[in-house]
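J.: Before I ask anything, let me first share the structure, which is written out below as structure tokens.
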Amino acid sequence: ADKLEAYWEDEAVIKAAFERFNGRIKELEGTIDARNSDLDLKNRSGAGVIPYELLKPYSTPGVTGKGVPNSISI
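Counting in this note's numbering, the sequence shown tops out at residue 78, every number present.
Printed below as a string of structure tokens:
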């Protein structure tokens with residue numbers, strides 16, 4: 005989520021951790037965008053290549069093919 009729940013806003017430690025986490029997520033989205041636009045990457049050039057968007061954290065409402073699934077194993 006890109007917004008902290010109201011009942012956690014008064015907890016300074018939780019708020020700081022959320023802000024660090026949210027900042028890191030935005031960095032990761034930038035990394036995904038940069039890799040999608042890098043034509044030197046072998047999997048990013050050629051006919052029919054679509055951008056990778058599965059783990060992009062933010063998307064518009066509806067089915068977009070973007071976002072982190074509720075359950076993921078890394």
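Positions of the beta carbon are idealized from the N, C-alpha and C atoms, including for glycine.
Count the other C-beta atoms from every protein chain shown that fall within 10 angstroms of the C-beta of Lys60, then say buried if there are 16 or more, exposed otherwise.
T.: Answer is buried; the Cβ neighbour count reaches 16.
J.: Does DSSP classify Ser63 as helix, strand or coil?
T.: Correct three-state label for Ser63: coil.
J.: Would Phe25 pass as a contact of Leu8 if the rule is Cβ separation under 7 Å?
T.: No, the pair does not count as a contact, with Cβ atoms beyond the cut-off.
J.: Between which residues of its own chain and Asp42 is the CB-CB distance below 7 Å, once the five residues before and five after are set aside?
T.: Correct list, in chain order: Arg48.
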